[in-house]
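Comments concern the structure below.
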Amino acid sequence: MAVNQQKFLFVLHDNNRVEAKPNYLLIGSYVHTDLGIVKYHFEIGAGKENFEWITL
31 MAVNQQKFLF VLHDNNRVEA KPNYLLIGSY VHTDLGIVKY HFEIGAGKEN FEWITL
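Under the working numbering, the letters of the sequence shown match residues 31 to 86, in that order.
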């Protein structure tokens with residue numbers, strides 16, 4: 031992460047839908063950049079064809 035903190039969490043919903051959201055208790059200036067980085071790594075690890083993002 032940009033400042034070596036984990037300010038996010040993943041929530042698995044029905045039908046392999048995944049939600050990635052920032053932890054607003056720990057929000058900082060790089061939280062959206064960090065969220066993009068972890069979502070990218072999640073896609074690499076899980077395989078983009080195996081889940082669907084839930085967008086807010």
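Think of the CB as a built atom: it goes at the ideal place given N, C-alpha and C, for glycine as much as any other residue.
Quick check on residue i: buried or exposed, where buried means 16 or more other Cβ atoms within 10 Å of its Cβ?
i	result
Lys51	exposed
Val41	exposed
Lys78	exposed
Report the three-state DSSP secondary structure of residue i (helix, strand or coil).
i	result
Lys37	coil
To the nearest angstrom, how far is it from the Cα of residue i to the Cα of residue j?
i	j	result
Tyr60	Asn45	31 angstroms
Asp64	Asn80	22 angstroms
Glu49	Val68	12 angstroms
Lys37	His62	9 angstroms
Thr85	Gly66	13 angstroms
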